[in-house]
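**Q** First residue of the sequence shown? That's 1 in my numbering, and the numbers climb one at a time after it. Beta carbons: idealized from backbone N, C-alpha and C, even for Gly. I'd like to ask some things about the structure below.
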Amino acid sequence: ENKKIESEATPSVPQESSANEQIPKDPPSENIPAATVAKGSDPAPQKKPGNSNDRDAALTRVVTEKRLALIKAWEESEKSKKENKAHRKLSEIASWEKSRKASIEAELKQIEELFEKKKAEYAERMNNKKAEVHKEAEEKRAMVEAKRGEEFVQIEETAAKHHSTGYATQRRNPSYHETVPLVMSNSFTFDSAAD
Numbered sequence: 001e002n003k004k005i006e007s008e009a010t011p012s013v014p015q016e017s018s019a020n021e022q023i024p025k026d027p028p029s030e031n032i033p034a035a036t037v038a039k040g041s042d043p044a045p046q047k048k049p050g051n052s053n054d055r056d057a058a059l060t061r062v063v064t065e066k067r068l069a070l071i072k073a074w075e076e077s078e079k080s081k082k083e084n085k086a087h088r089k090l091s092e093i094a095s096w097e098k099s100r101k102a103s104i105e106a107e108l109k110q111i112e113e114l115f116e117k118k119k120a121e122y123a124e125r126m127n128n129k130k131a132e133v134h135k136e137a138e139e140k141r142a143m144v145e146a147k148r149g150e151e152f153v154q155i156e157e158t159a160a161k162h163h164s165t166g167y168a169t170q171r172r173n174p175s176y177h178e179t180v181p182l183v184m185s186n187s188f189t190f191d192s193a194a195d
């Protein structure tokens, strides 16, 4: 890291030479207006080219610029590292989210398949039960039809027997007697006679 910072700081070395070139040299006395000199004002002390103060100031400025450049390079490097780290983390989170979603989708498909299978099994069971109920109902219908046929045959035989003997039956419909009381007169019923 230090090598990197030093290598980044190396381009500031040419700035030293440019900084030395930019150091203002004392203007020649020809450029100073005569009115200023004539007024008797304190002229600024004349700086000689190559003065040690100028060199120290330039060197200090160069060192400061170099230090600032190194700090700036370090700051950029650290920011870049943190940016890359955050980008890696975000990529990891995105891939984790994608894989979790895929596994949840797969689990959901398995559950749906299981439910479809169970649904088919229950539908088959219910259809079998419906078929059993239908079969049982058909058997009961057949029994009722057979009994009715037997009763009709028995009635027809009895009727034929009565026709041959000429006997009239006195038997009434039993369900009629159970629902309607026997009436003897208009105001007198069989029930009231028992009292």
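Using the three-state DSSP reduction, which class does residue 168 fall into: helix, strand or coil?
**A** Stepping through the sequence shown from its first residue, residue 168 is reached at position 168. Coil, per DSSP.
**Q** So for residue 51, helix, strand or coil by DSSP?
**A** In the sequence shown, the residue the question calls residue 51 occupies position 51. Of the three classes helix, strand and coil, the one that applies to residue 51 here is coil, per DSSP.
**Q** Once you ignore the five residues that flank residue 129 on each side, which residues in its own chain have a CB closer than 6 Å to its CB?
**A** Counting from one through the sequence shown, the residue named residue 129 turns up at place 129. Once the five neighbours on either side are set aside, residue 129 has no close Cβ partner at all.
**Q** To the nearest angstrom, how far is the alpha carbon of residue 124 from that of residue 117?
**A** The count along the sequence shown starts at 1 and reaches residue 124 at position 124. The count along the sequence shown starts at 1 and reaches residue 117 at position 117. Roughly 11 Å between the two C-alpha positions.
**Q** Nearest-angstrom Cα distance between residue 157 and residue 142?
**A** If you number the sequence shown from 1, residue 157 lands on position 157. If you number the sequence shown from 1, residue 142 lands on position 142. The straight-line gap separating the alpha-carbon atoms of residue 157 and residue 142 is approximately 22 Å.
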